[in-house]
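Every number in this note's numbering is 192 more than the matching position in the sequence shown, counting from 1. Note that beta-carbon positions come from the ideal geometry of N, C-alpha and C, so glycine has one too. In what follows, a single structure is set out as structure tokens and then discussed.
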Amino acid sequence: MKVKLAETITATLVLLLLMPTLSATKGVVFEELWAQLDRESYSAYVHCTAISSEVLYVVGNKTVPEGKSVGFKHYLRVEMRERGTGILLGYWEEEARVTSSRCILRGSTLYVAGVFQRPDLTRSVGFLMALSSNLTLLKKALFDYGVESGVLAVEADGERVYVTTYVRTGNNVEYRLEVVDPAELEVVKGVNLPHEGNAVRLNPVTRHLWVLGYNRTTLFNEDLNTLIAFNVGGLTVDFSEGGYAYIVRSDSLAKVSPEGLVIKEAPKREGPGKLLDICYMDGYIFAVNRVQKYPVTGYHYYYVEAYSGDLELAGSSPLRSARGTEVYLEPGELACSGGVLYFAGWYQYAQFTGWAILALKPVEFENLTSTFTASPEAPTTKPPVTTSYTELTTQQPRITLTPQASQVGRPARTPRYWWVGLAVTLIVFTIIVGPSLLSRRRAGSRVAVS
């Protein structure tokens, strides 16, 4: 009995000691090219990203102390960064309490849409704005219907801009798909949606509009006539070069044909948690998975998972900077282009939060060399007030934290929580096996005495 018990304990300890190696072989598939961690704000969150051939655009909100007074100022901020290094090239910002925003780059125009709170904080209002590639404000428009309202997603094809909006009256919420004139940003046409408008995307092959609700997706033609609807919805969608759609749901991925026929659904591999964003690049689908870390506190950590075109898991890696700083997605975004993933989210330092922007290369997939750009989608936000445009030629980067040279290119670290498992195992062993051994020892003592 003692021999079997000793063998069990030895096997358990060996398994626990090997856990770091086992978790590492699960697939550290991403190498960090650069990371920019901002420490300029009291509170700051990235909402979305867009990519050009040389520039990464990042949109989000920032809250800063108002001088020596007690109050704070809230800003919608748009930054342009060099894709190769993440260095700040310039920014545009406007004072507004933005709650969400989404952005896309079409041609030389950056469209930003979303929701902001009125200055009196009585209700939310939707907005849509167009900026040039060097962040000159071209036009902006409000979607103010006198009640709670907002813009959830934005798409454009060069001739039209498409937005999904909502209007809340009491307990009733109405969702719409609307066509906007790109020159004046005025609504020219719209239809009611039978479900939410989490995302609107244009299929690059069929040119059909895909509008996602949580549990249902509807396809429209350019005249906003309904083509087909099916009972698979989600948070966002991206397309392959052949027009196949990959939809990210909270707990699974779905592959759908260009015509709207569901081909396959695959559950996420890490849990418990939920999938948040997706990006297609050269035959692979990259998804961000928020995994529950501590059930009691509710803290989460994030994995970037790579799937084949048939939704088979190819590898995964915990998401953190080369310094070991944990970064978080919500309400940020994953984008990809030219064999590189761009993760824009936030991280925590002291009691503050700052922007976290990482460039990750999937090192196990060296064939990722195309210039296919997966663009963002989903909710958005708007500010009225005055605009302060900073000249890009004179603006200096204000980043205070960059990776050390020796850290650039270091593979993302694998979490080492094996020692927690060891401690838990020893405690459980003591509680369960200890009393049994003690009782046997006492029984043996009584036999010896008798």
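DSSP on residue i, reduced to helix/strand/coil?
i       : result
Arg-409 : Before going on, a small fix: residue 409 reads as Thr here, not Arg. Of the three classes helix, strand and coil, the one that applies to Thr-409 here is strand, per DSSP.
Tyr-656 : Past the boundaries of the shown model lies residue 656; the chain is included only from 193 to 642, so the question cannot be answered.
Asn-364 : strand
Ile-439 : strand
Gln-543 : coil
Glu-351 : coil
Val-424 : coil
Ile-279 : coil
Arg-310 : coil
Ala-154 : This structure cannot speak to residue 154, because the chain is shown only from 193 to 642.
Leu-344 : strand
Val-397 : coil
Ser-432 : coil
Arg-315 : coil
Glu-414 : coil
Arg-482 : strand
Arg-231 : coil
Val-555 : coil
Pro-257 : strand
Ala-458 : strand
Closest by CA to residue i, which one among the options?
i       : options                            : result
His-266 : Tyr-283, Glu-287, Ile-279          : Glu-287
Arg-352 : Asn-423, Gly-299, Arg-289          : Gly-299
Ile-439 : Thr-410, Phe-319, Ala-536, Met-321 : Thr-410
Leu-229 : Cys-295, Ile-549, Val-555          : Ile-549
Gly-282 : Val-392, Gly-546, Tyr-249          : Tyr-249
Lys-381 : Thr-241, Gly-252, Thr-357          : Thr-357
His-387 : Leu-377, Met-473, Val-365          : Val-365
Lys-466 : Tyr-494, Leu-404, Glu-451, Arg-399 : Tyr-494
Ser-341 : Asp-312, Asn-326, Lys-331, Val-359 : Val-359
Asp-502 : Thr-545, Ala-437, Gly-537, Arg-441 : Ala-437
Phe-222 : Pro-510, Ile-279, Thr-301, Ala-542 : Pro-510
Thr-291 : Gln-309, Leu-302, Tyr-303, Gly-475 : Gln-309
Leu-280 : Val-251, Ser-235, Gly-475, Cys-528 : Val-251
Gly-475 : Gly-434, Gly-318, Ser-325          : Gly-434
Asn-253 : Val-355, Ala-305, Leu-453          : Ala-305
Phe-335 : Tyr-367, Ser-324, Leu-329          : Tyr-367
Thr-398 : Asn-423, Glu-451, Pro-374, Ser-325 : Glu-451
Thr-241 : Val-256, Gly-263, Cys-295          : Cys-295
Val-383 : Arg-408, Leu-394, Tyr-354, Ala-375 : Tyr-354
Gln-543 : Leu-327, Ala-458, Ser-235          : Ser-235
Asn-423 : Asn-417, Asp-415, Arg-408          : Arg-408
Could you give the C-beta distance for residue i and residue j, rounded to a whole number, given that I count them as a contact under 8 Å?
i       : j       : result
Val-483 : Leu-526 : At roughly 15 Å, the Cβ-Cβ gap does not stay under 8 Å, so Val-483 and Leu-526 are not in contact.
Leu-427 : Leu-369 : Rounded, the Cβ-Cβ distance is 17 Å, inconsistent with contact.
Pro-505 : Ile-477 : Looking at the sequence provided, one finds Leu at residue 505 rather than Pro. Going by Cβ atoms, the distance from Leu-505 to Ile-477 rounds to 10 Å, so no, they are not a contact pair.
Leu-377 : Lys-332 : 7 Å
Arg-273 : Glu-246 : Not quite, the Cβ-Cβ distance comes to about 10 Å (not below 8 Å), so this is no contact.
Leu-404 : Gly-425 : 5 Å
To the nearest angstrom, report how far apart residue i and residue j are at their CA atoms.
i       : j       : result
Thr-582 : Val-307 : In this predicted model, Thr-582 has a pLDDT of only 29, less than 50, meaning its place in the structure is not dependable; the value taken from the coordinates is given anyway. Computed Cα separation, rounded: 23 Å.
Thr-592 : Ala-227 : Residue confidence is low: Thr-592 scores 24 on pLDDT, short of 50, so the model does not pin down where it sits. Its coordinate-derived value is still stated next. When rounded, the distance between both Cα atoms is 12 Å.
Gln-540 : Leu-419 : 45 Å
Ser-432 : Ser-293 : 25 Å
Ala-271 : Glu-285 : According to the sequence as given, residue 271 is Glu; it is not Ala. For Glu-271 and Glu-285, the distance between alpha carbons rounds to 8 Å.
Leu-297 : Gly-362 : 35 Å
Gly-531 : Ser-244 : 14 Å
Ser-598 : Tyr-406 : Unreliable positioning characterises Ser-598 in this predicted model, as indicated by a pLDDT of 26, which lies under 50. The coordinate reading is nonetheless provided below. Computed Cα separation, rounded: 44 Å.
Ser-316 : Leu-344 : 12 Å
Tyr-499 : Asp-349 : 28 Å
His-239 : Ile-470 : 15 Å
Arg-289 : Leu-268 : 7 Å
Leu-320 : Tyr-337 : 14 Å
Asp-443 : Val-392 : 20 Å
Lys-456 : Val-429 : 14 Å
Pro-396 : Leu-313 : 40 Å
Gly-389 : Met-473 : 25 Å
Asn-413 : Gly-507 : 37 Å
Tyr-237 : Glu-518 : 14 Å
Val-658 : Lys-553 : What the structure shows of the chain is the stretch from 193 to 642, and residue 658 is not part of that stretch, so it cannot be assessed.
Leu-401 : Trp-547 : 32 Å
Tyr-303 : Val-379 : 15 Å
Leu-533 : His-492 : 21 Å
Phe-557 : Cys-528 : Since pLDDT at Phe-557 reaches only 49, below the 50 mark, its modelled position is unreliable, and the value read off the structure follows with that caveat. Distance between the alpha carbons of Phe-557 and Cys-528: 14 Å.
Val-448 : Glu-258 : 49 Å
Val-339 : Ala-551 : 40 Å
Arg-231 : Gly-278 : 15 Å
Thr-545 : Asp-373 : 37 Å
Val-454 : Arg-441 : 13 Å
Ala-375 : Trp-538 : 34 Å
Thr-301 : Asp-415 : 23 Å
Thr-330 : Ala-458 : First, the residue type needs correcting, since residue 330 is Leu and not Thr in the sequence shown. Approximately 43 Å, taken between the alpha carbons.
Mind checking whether the beta-carbon of residue i lies closer than 7 Å to any heavy atom of the ligand MN?
i       : result
Pro-257 : The ligand MN is not part of the structure shown, which contains no ligands of any sort.
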